[in-house]
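Engineer:
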Amino acid sequence: MCKDCGCHEGNQRSLLQMGTTTPLLATRKIILSEQSILAKNDNIAASNRNWLTKNNIASVNIMSSPGAGKTFLLEKTLTELNKYKKVSVLVGDQQTDQDYQRLKDHGARAKQINTVSACHLDASMIQKELESFVSPNDDLLIIENVGNLVCPAAFDLGEGKRVAMLSVTEGEDKPIKYPVLFNKADLILISKIDLLPHLDWELDLAHKYIRQINPTAKIIELSAKNGTGLKAWFNFLLEI
207 MCKDCGCHEG NQRSLLQMGT TTPLLATRKI ILSEQSILAK NDNIAASNRN WLTKNNIASV
267 NIMSSPGAGK TFLLEKTLTE LNKYKKVSVL VGDQQTDQDY QRLKDHGARA KQINTVSACH
327 LDASMIQKEL ESFVSPNDDL LIIENVGNLV CPAAFDLGEG KRVAMLSVTE GEDKPIKYPV
387 LFNKADLILI SKIDLLPHLD WELDLAHKYI RQINPTAKII ELSAKNGTGL KAWFNFLLEI
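Residue 207 is where the sequence shown starts when you use our numbering, and the numbers rise one by one after that.
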């Protein structure tokens, strides 16, 4: 989270030179600052959740490393879900609107959120869009978070469900290296499985590591390229 990367505006810590230590008093101030930041975020997230619940809007927050396949999956998803649901999409990236450009013509209302120097979305960013972009008549809000395995997991946005994505082009041990993201997920997607014949990647080992961190989350193996697992993914979104 931001205590490590310093991306949040509320984090006033100066970077230490390599090999130095943080004085005890400074450490205490840092912890208190971080607690304050997260408490403020959680309060706004609770307000977001209340608004979504009041308006009967289901919501998902999709998180993964960069390049895991979130946007390509959403292109396929929006084309299908538009037949059944009124969907809005919020797309988080530090810069550019390339993902928005890819999604806007797939049947859902989409909007880009540029976080600039921050490496995650936070609840206040979502609150602004609930006030100005998301319609009370929507059925589903999909949030594509900034590609990052650390900070997004620490910041509640007010979403109803959390989705973590792991692609087969990453290490099988990502869930145990970045446990917070996978531990808090309601659903874990293993993506790009069409590439398995070409990779030295152990699917069973990935499942083992996921279950060490999260024994109960639903796991879907899928490929947005060839369609494997997409029906299960669509059903998950239609049923929440």
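Backbone N, C-alpha and C define an ideal beta-carbon position, used for all residues, glycine too.
This structure is a prediction, so every number in the text was calculated from the model and none was measured.
At a cut-off of 7 Å, would you count Asp299 as near the ligand MG, judging by its Cβ distance to the nearest heavy atom?
Structural biologist: Only the bare structure without any ligand can be found here, which leaves the ligand MG out of the picture.
Engineer: Using the three-state DSSP reduction, which class does Glu427 fall into: helix, strand or coil?
Structural biologist: In the structure shown, Glu427 sits in a strand (DSSP, three-state: E or B).
Engineer: Would you kindly work out how many angstroms separate the C-alpha atoms of Phe442 and Gly275, rounded to a whole number?
Structural biologist: So the two alpha carbons sit approximately 18 Å from each other.
Engineer: Rounding to the nearest angstrom, what Cα-Cα distance links Ala423 and Arg417 in this structure?
Structural biologist: When rounded, the distance between both Cα atoms is 8 Å.
Engineer: For Val295, which of helix, strand or coil comes out of DSSP?
Structural biologist: Val295 falls in the strand class under three-state DSSP.
Engineer: Mapping the DSSP letters down to three states, classify Lys414 as helix, strand or coil.
Structural biologist: Note: Lys414 maps to helix in three-state DSSP.
Engineer: Under DSSP, the beta strand (DSSP E) around Ser373 begins and ends at which residues?
Structural biologist: Per DSSP, Ser373 belongs to the beta strand (DSSP E) from 367-373.
Engineer: What runs of the beta strand (DSSP E), each 3 residues or longer, lie entirely inside the region 377-422?
Structural biologist: Runs of the beta strand (DSSP E) inside the region 377-422: 393-397.
Engineer: DSSP state of Lys209, grouped into three classes?
Structural biologist: Only weak support exists for where Lys209 lies, its pLDDT of 48 falling under 50; the coordinates are left without a value.
Engineer: List the endpoints of the continuous alpha helix (DSSP H) containing Leu309.
Structural biologist: 304-309 is the span of the alpha helix (DSSP H), which, as asked, contains Leu309.
Engineer: Could you tell me if Ala252 is buried or exposed, where buried requires 16 or more neighbouring beta carbons within 10 angstroms of its beta carbon?
Structural biologist: Flag for Ala252 reads exposed.
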